[in-house]
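So the structure is just underneath, and the comments pick up after that.
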Amino acid sequence: MGVDAHRPVRQGYRMQTAPTVDDDGTALFHRTMPFTERLGFEVLRHSRELVVARIAHDESLCTLGGVLHGGVLMSLADSAAAVCAFLNLPEGAQGTTTVESKTNFLRAVRSGHATASSTPLHAGGRVIVVETEIHDDDGRLVAKITQSQAVLRS
Numbered sequence: 227m228g229v230d231a232h233r234p235v236r237q238g239y240r241m242q243t244a245p246t247v248d249d250d251g252t253a254l255f256h257r258t259m260p261f262t263e264r265l266g267f268e269v270l271r272h273s274r275e276l277v278v279a280r281i282a283h284d285e286s287l288c289t290l291g292g293v294l295h296g297g298v299l300m301s302l303a304d305s306a307a308a309v310c311a312f313l314n315l316p317e318g319a320q321g322t323t324t325v326e327s328k329t330n331f332l333r334a335v336r337s338g339h340a341t342a343s344s345t346p347l348h349a350g351g352r353v354i355v356v357e358t359e360i361h362d363d364d365g366r367l368v369a370k371i372t373q374s375q376a377v378l379r380s
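The working numbering puts the first residue of the sequence shown at 227, with every later residue one more than the last.
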């Protein structure tokens with residue numbers, strides 16, 4: 227999982243080298259959210275500070291115009307944010323669930339990958355707020371998402 231394997235997606239830089247897939251993070255996604263495997267999500271990095279995941283453009287996930295469907299982008303963002311929130315759980319908590327999600331779509335993804343970068347804005351005892359940016363392979367901002375995740379306790 228090399229942090230130096232690619233330039234930071236978060237700042238919208240164009241990637242100079244191929245990113246390294248984080249096999250442990252990808253397995254975590256697929257185990258805890260099985261539909262992410264079906265959609266082909268890959269994790270590039272996962273830590274308390276940053277979760278980076280991507281999906282490849284695929285015609286089966288597009289609208290008639292060949293644009294990656296907004297629901298696919300929202301699923302990518304929700305999945306990355308969920309793992310980010312989980313990694314920031316307070317002691318004694320068992321999980322999270324999304325209670326609010328706001329997405330601003332800024333441009334279409336017509337080829338390559340959509341890459342989501344999720345960071346925690348607030349990690350409290352009851353709510354965790356996560357911000358996610360999705361970029362295309364050229365580093366252009368595709369969507370910006372803010373989510374609130376309720377902290378679940380037994």
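Here a beta-carbon is modelled for each residue, glycine too, at the ideal position from N, C-alpha and C.
Kindly list the residues whose CB is nearer than 7 Å to the CB of A282, restricted to its own chain and excluding five residues on each side of it in sequence; keep chain order.
Counted from its first residue, the sequence shown places residue 282 at position 56. Correct list, in chain order: G266 and H339.
Less than 9 Å separating the beta-carbons of A376 and T341?
On the sequence shown, residue 376 is found 150 positions in, with the first residue counted as 1. On the sequence shown, residue 341 is found 115 positions in, with the first residue counted as 1. No, the Cβ-Cβ distance between A376 and T341 is not below 9 Å.
Determine, using beta carbons only, whether L313 and S374 come nearer to each other than 9 Å.
Position 87 of the sequence shown holds residue 313. Position 148 of the sequence shown holds residue 374. Against a cut-off of 9 Å, the Cβ pair of S374 and L313 comes out as no contact.
Is the region 247 to 265 touching the region 324 to 336, taking contact as three or more C-beta pairs under 8 Å?
Judged by Cβ distances under 8 Å, the region 247 to 265 makes no contact with the region 324 to 336, as fewer than three pairs qualify.
Once the 5 residues before and after H295 are set aside, which same chain residues still bring their CB inside 7 Å of it?
Along the sequence shown, read from residue 1 onward, the residue named residue 295 stands at position 69. Once the five neighbours on either side are set aside, the close Cβ partners of H295 are L287, C288 and T289.
Any idea what DSSP makes of F331, helix, strand or coil?
Within the sequence shown, residue 331 is the residue found at index 105, counting from 1. Strand, per DSSP.
Is it right to say L299 is buried, meaning 16 or more other beta carbons lie within 10 angstroms of its own, or is it exposed?
As a position in the sequence shown, residue 299 is number 73, starting the count at 1. It is buried - the Cβ of L299 has at least 16 other Cβ atoms within 10 Å.
What is the rounded straight-line gap between the Cα of D249 and the Cα of R352?
For this step, residue 249 is matched to residue 23 along the sequence shown. For this step, residue 352 is matched to residue 126 along the sequence shown. Their Cα atoms are separated by approximately 31 Å.
Put T358 into one of helix, strand or coil per three-state DSSP.
By one-based count along the sequence shown, residue 358 stands at place 132. The answer is strand: DSSP assigns T358 an E or B state.
What ranges does the beta strand (DSSP E) occupy inside the region 280 to 348, keeping only unbroken runs of at least 3 residues that lie completely in it?
Counting whole runs of 3 or more residues, the region 280 to 348 contains the beta strand (DSSP E) stretches 319 to 331.
Would DSSP call L276 helix, strand or coil?
Start at 1 with the first residue of the sequence shown, and residue 276 comes out as number 50. Correct three-state label for L276: coil.
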